[in-house]
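In terms of the UniProt record's numbering, the sequence shown is residues 20 to 280.
Single-structure report; data block below.
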Amino acid sequence: LMSYNYILVAKPEPSVSLITLNRPKALNALSSPLFEELNKALKDADDDDAIGAIVLTGSEKAFAAGADIKEMQNKTYADAFKTRFLGDWAQLFTIRKPIIAAVSGYALGGGCELALMCDIILASPTAKFGQPEINLGVIPGGGGSQRLAHVIGKSRTMELVLTGRNISAQEAAAWGMVSRVVGEGEGEVVREAVEMAKVISSKSQIAIQAAKEVVNAAYELNLAEGLRFERRIFHGSWDHVFAELKSSPPSIPALPGVGPR
Ligand code: CO8
Numbered sequence: 020l021m022s023y024n025y026i027l028v029a030k031p032e033p034s035v036s037l038i039t040l041n042r043p044k045a046l047n048a049l050s051s052p053l054f055e056e057l058n059k060a061l062k063d064a065d066d067d068d069a070i071g072a073i074v075l076t077g078s079e080k081a082f083a084a085g086a087d088i089k090e091m092q093n094k095t096y097a098d099a100f101k102t103r104f105l106g107d108w109a110q111l112f113t114i115r116k117p118i119i120a121a122v123s124g125y126a127l128g129g130g131c132e133l134a135l136m137c138d139i140i141l142a143s144p145t146a147k148f149g150q151p152e153i154n155l156g157v158i159p160g161g162g163g164s165q166r167l168a169h170v171i172g173k174s175r176t177m178e179l180v181l182t183g184r185n186i187s188a189q190e191a192a193a194w195g196m197v198s199r200v201v202g203e204g205e206g207e208v209v210r211e212a213v214e215m216a217k218v219i220s221s222k223s224q225i226a227i228q229a230a231k232e233v234v235n236a237a238y239e240l241n242l243a244e245g246l247r248f249e250r251r252i253f254h255g256s257w258d259h260v261f262a263e264l265k266s267s268p269p270s271i272p273a274l275p276g277v278g279p280r
């Protein structure tokens, strides 16, 4: 097992990888070394055939309070450009298995952007989302302006990005930014996310990964391209079902009216 400095990796269920951001003293500020470890853990989970879904969480106080301001403050434009600063965050999109963010406490700036990069967000009643970059004289740099605009629309995105105001879990749910607010109690949001990950893991993994790919395409393609992409993936998606039915024992339920059972 890999040992990490800034994250914890566990298997609360045989089919679920739980990654916990673990820089409590800095409220999980997303430094480059932290992101390097996160990328490694995500890749390992993606490569592990036993894992069907991933849960990403932080602490009760903070999912993540942003990009690491202390790391950024001395970077010149040339440093940032040459090292593609924050560019490595995009590795998260190469992960084919679903990633569920379980958010408690602060999800600000880069922390909010990290949650938005996940496939599903569940929020604890304590969650607070916001893009406070404007208060520092800068703007979001991890996709916040673009992803929020897709998810909550222009007016609300402008409000968050231009005022720097934080919103509550309830507001985020009403705005469609998170799936829902789960019950109170420490660790509740993580338990709920693990349960959801377990359900996802019980399905055909090929179908799950194809479904994630096509839903995410809705945020990149126009409608005509997206529909064509969905249809193509759909056309291929039953091939493996019949292939598995021919081999025994099938790991997925038989289709009504089809197959030996
Ligand atoms: N980066 C680095 N360290 C951080 C960060 C961060 N984003 N957030 C908190 N910390 C550290 C604090 O410095 C403090 O460390 P120390 O004890 O060594 O001083 C420790 O975490 C605890 O923080 P607080 O004492 O502030 O805890 P509070 O409970 O009083 O407050 C808050 C919690 C409200 C979340 C507060 O910490 C806060 O406002 N944090 C910053 C939030 C923020 O602005 N996030 C957006 C970051 S910006 C971004 O993501 C991209 C742009 C960055 C541009 C930087 C240009 C210079």
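Quick reminder that beta carbons are idealized off the backbone N, C-alpha and C, glycines included.
Which same chain residues end up closer than 6 angstroms to residue i when comparing Cβ atoms and leaving out the 5 residues on each side of it in sequence?
i: glycine 129; result: Leu49, Gly85, Ala86, Gly161
i: proline 144; result: Ala188, Val200, Glu203
i: methionine 136; result: Leu111
i: glutamate 90; result: Ser50
i: leucine 167; result: Thr176
i: residue 14; result: With the chain running from 20 to 280 in the structure shown, residue 14 is simply not present.
Would residue i and residue j be called neighbours here (beta carbons separated by less than 7 angstroms)?
i: isoleucine 252; j: alanine 229; result: yes
i: isoleucine 186; j: phenylalanine 148; result: yes
i: residue 281; j: glycine 77; result: The requested residue 281 is not part of the displayed model; the chain covers only 20 to 280.
i: isoleucine 114; j: valine 74; result: no
i: glutamate 32; j: lysine 217; result: yes
i: alanine 142; j: valine 170; result: no
i: glutamate 132; j: glycine 163; result: yes
i: asparagine 58; j: alanine 83; result: no
i: isoleucine 140; j: valine 197; result: yes
Measuring only from the beta carbon, is residue i closer than 6 angstroms to any heavy atom that is part of the ligand CO8?
i: alanine 86; result: yes
i: glutamate 79; result: no
i: glycine 129; result: yes
i: glutamine 165; result: no
i: alanine 97; result: no
i: glutamate 56; result: no
i: alanine 192; result: no
i: glutamate 214; result: no
i: proline 151; result: yes
i: leucine 46; result: yes
i: lysine 89; result: yes
With a threshold of 16 other CB atoms inside 10 Å of the CB of residue i, please say whether the residue is buried or exposed.
i: tyrosine 96; result: exposed
i: proline 117; result: buried
i: residue 282; result: Since the first residue of the chain shown is 20 and the last is 280, residue 282 is not available in this structure.
i: alanine 193; result: exposed
i: methionine 177; result: exposed
i: serine 36; result: buried
i: glycine 124; result: buried
i: arginine 250; result: exposed
i: serine 220; result: buried
i: glutamine 150; result: buried
i: proline 159; result: buried
i: proline 279; result: Caution applies to proline 279, whose pLDDT of 49 falls short of 50 and renders its modelled position unreliable; the model cannot decide the point.
i: methionine 21; result: exposed
Beta-carbon within less than 7 angstroms of residue i's beta-carbon, same chain only, minus the 5 sequence neighbours each way: which residues are those?
i: aspartate 65; result: Ile114, Arg115, Lys116
i: asparagine 41; result: Tyr25, Ile26, Leu27
Which residues in the same chain have their Cβ closer than 8 angstroms to the Cβ of residue i, if we skip the five residues on either side of it in sequence?
i: isoleucine 153; result: Val180, Leu181, Thr182, Gly183
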